[in-house]
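Have a look at the structure below, then the notes.
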Amino acid sequence: MDPPPMDDGQVEAQSLPLSSHPPPSHLAAESAEQNEPERPQNKKSAVTRRPQYSVVQRVHVLALHALGHKSQQISSYLKIPYSQVRRIVVKAEQKGYRPQEDPRIRDHYVQDDYIRGRPGPGRRPKKNSKDWDAVCDPDPEPSERHRRGYNLTCLSHPSSSSAEAV
Numbered sequence: 001m002d003p004p005p006m007d008d009g010q011v012e013a014q015s016l017p018l019s020s021h022p023p024p025s026h027l028a029a030e031s032a033e034q035n036e037p038e039r040p041q042n043k044k045s046a047v048t049r050r051p052q053y054s055v056v057q058r059v060h061v062l063a064l065h066a067l068g069h070k071s072q073q074i075s076s077y078l079k080i081p082y083s084q085v086r087r088i089v090v091k092a093e094q095k096g097y098r099p100q101e102d103p104r105i106r107d108h109y110v111q112d113d114y115i116r117g118r119p120g121p122g123r124r125p126k127k128n129s130k131d132w133d134a135v136c137d138p139d140p141e142p143s144e145r146h147r148r149g150y151n152l153t154c155l156s157h158p159s160s161s162s163a164e165a166v
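FYI, the UniProt record's numbering numbers position 91 of the sequence shown as 91, with every residue one higher than the one before it.
Here it is as structure tokens:
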């Protein structure tokens, strides 16, 4: 029943149309998924935040701008959108960048701005700082703490006039 061997000892494959063979069950499921129309993505799940460019990229933009290149050229050189190139230059100019007067690019022209809503690093003392450890000794007797209701030894900061408020 086998077909006759070919010249090089291989058996010739039978050519049957693919539609005559039923697809395996896992292939049928994949083909059904491919035939379904794409579902629209939830717009809230999309990331709408613009990309942040590194300080090096911002300095590069300002250096090319100072050399007289147009924003469109800078955009094509660095593969940064034109609007972002303009935004980097405008923000630097708002911070005092004047390439005609002084071509130097200072740090504050390209540093990240303050992010509103987040406390700065120097606003609150760290709870694990050595100053707080010196003032806030743990209460050795739990019964005394329960009697008073709370521990009063940690109510004042070391910079205030009294170290303990008892």
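Note that beta-carbon positions come from the ideal geometry of N, C-alpha and C, so glycine has one too.
The model shown is predicted, which means the values in this text are computed figures rather than measured ones.
Closest by C-alpha distance to residue i, when choosing among the options
{"i": "residue 104", "options": "54, 52 and 61", "result": "61"}
{"i": "residue 67", "options": "116, 100, 109 and 113", "result": "100"}
{"i": "residue 167", "options": "116, 96, 102 and 87", "result": "Residue 167 is absent from the structure shown; the chain starts at 1 and stops at 166."}
Whole-Å CB distance - residue i paired with residue j, under 8 Å assumed
{"i": "residue 74", "j": "residue 53", "result": "About 12 Å; that fails the 8 Å criterion."}
{"i": "residue 89", "j": "residue 71", "result": "7 Å"}
Per-residue DSSP class, three states only, for residue i
{"i": "residue 100", "result": "coil"}
{"i": "residue 67", "result": "coil"}
{"i": "residue 32", "result": "With a pLDDT of only 48 at residue 32, under 50, the local geometry of the prediction cannot be trusted, and the value read off the model is given with reservation. In the structure shown, residue 32 sits in a helix (DSSP, three-state: H, G or I)."}
{"i": "residue 88", "result": "helix"}
{"i": "residue 107", "result": "helix"}
{"i": "residue 116", "result": "coil"}
{"i": "residue 52", "result": "coil"}
{"i": "residue 80", "result": "coil"}
{"i": "residue 25", "result": "For residue 25, the pLDDT reaches just 49, beneath the cut-off of 50, and the residue's location in the model is therefore unreliable, although a value from the coordinates is still provided. It is helical."}
Rounded straight-line distance, which links the Cα of residue j to that of residue i
{"i": "residue 95", "j": "residue 117", "result": "22 Å"}
{"i": "residue 91", "j": "residue 98", "result": "12 Å"}
{"i": "residue 51", "j": "residue 83", "result": "12 Å"}
{"i": "residue 113", "j": "residue 107", "result": "12 Å"}
{"i": "residue 195", "j": "residue 102", "result": "No information on residue 195 is available, as it lies outside the stretch 1 to 166 that the chain covers here."}
{"i": "residue 63", "j": "residue 110", "result": "11 Å"}
{"i": "residue 85", "j": "residue 56", "result": "13 Å"}
{"i": "residue 93", "j": "residue 69", "result": "16 Å"}
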